[in-house]
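**Q** In the working numbering, the protein residues as written are 1 to 142.
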């Protein structure tokens, strides 16, 4: 599973994950022995316009995922395996799993500079207005 930064595909604050599955026949015993999770969400900073997520931002994930030999993976700071037993013990089997220390929760001194925050807020509002204007225009044509 790849934990993507919030607001990357939808509105600000909306979480998105990418799940990878193998096609397997039905079985009484669960096929999943462990779930590998890569956290690209915690302590990362992307915006839709000025700092979009790019291919280079995914290189560490691809190295950790090890697509050429998925059975030979190693844990890293952002890549961790969770056993099936650990997953089923979670409340409602929630996959909202995180272990990377969120620096923004620990120390407000780590916040971006005010001009960066203001730029991001402006970009998010402009993007929202553009999308809303598109909806409005679509409604006018009906």
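From the three backbone atoms N, C-alpha and C, an ideal C-beta is built for every residue, glycine too.
According to DSSP, which residues form a beta bridge with residue 79?
**A** Counting from 1 along the chain shown, the entry for residue 79 is found at position 79. Beta-bridge pairing links residue 79 to 38 and 76.
**Q** Would residue 37 and residue 82 qualify as a contact pair, given that the criterion is a beta-carbon distance under 8 Å?
**A** Sequence index remark: in the chain shown, residue 37 carries index 37 (1-based). Sequence index remark: in the chain shown, residue 82 carries index 82 (1-based). Result yes, Cβ atoms of residue 37 and residue 82 sit closer than 8 Å.
**Q** My output table needs one value for residue 8: the three-state DSSP class, helix, strand or coil.
**A** Looking up residue 8 in the chain shown gives position 8. Residue 8: coil per DSSP, three-state reduction.
**Q** According to DSSP, is residue 224 helix, strand or coil?
**A** Residue numbering for the chain in the displayed model covers 1 to 142; residue 224 lies beyond these limits and cannot be assessed.
**Q** Given this structure, state the Cα-to-Cα distance separating residue 149 from residue 25, to the nearest angstrom.
**A** Past the edges of the chain, shown from 1 to 142, lies residue 149, and the structure says nothing about it.
**Q** Using the C-alpha atoms, what's the distance from residue 86 back to residue 141?
**A** Looking up residue 141 in the chain shown gives position 141. Looking up residue 86 in the chain shown gives position 86. Taking C-alpha positions only, residue 141 is separated from residue 86 by approximately 52 Å.
**Q** Using DSSP with H/G/I as helix, E/B as strand and the rest coil, what is residue 18?
**A** The residue you call residue 18 lines up with position 18 of the chain shown. In this structure, residue 18 counts as strand in the three-state DSSP scheme.
**Q** Taking all protein chains shown into account, decide if residue 55 is buried (16 or more other Cβ within 10 angstroms of its Cβ) or exposed.
**A** For the purposes of this step, residue 55 is taken as the residue at position 55 of the chain shown. Looking at its Cβ environment, which holds fewer than 16 other Cβ atoms inside 10 Å, residue 55 is exposed.
**Q** For residue 98, is the classification buried or exposed, using 16 other Cβ atoms within 10 angstroms of its Cβ as the cut-off for buried?
**A** Here residue 98 is taken as the residue at index 98 of the chain shown, counted from 1. Its Cβ having fewer than 16 others within 10 Å, residue 98 is exposed.
**Q** I think residue 39 touches residue 78, with their Cβ atoms under 8 Å apart; what is that distance to the nearest whole Å?
**A** Locating residue 39 in the chain shown gives position 39, counting from the first residue. Locating residue 78 in the chain shown gives position 78, counting from the first residue. Confirmed, about 5 Å.
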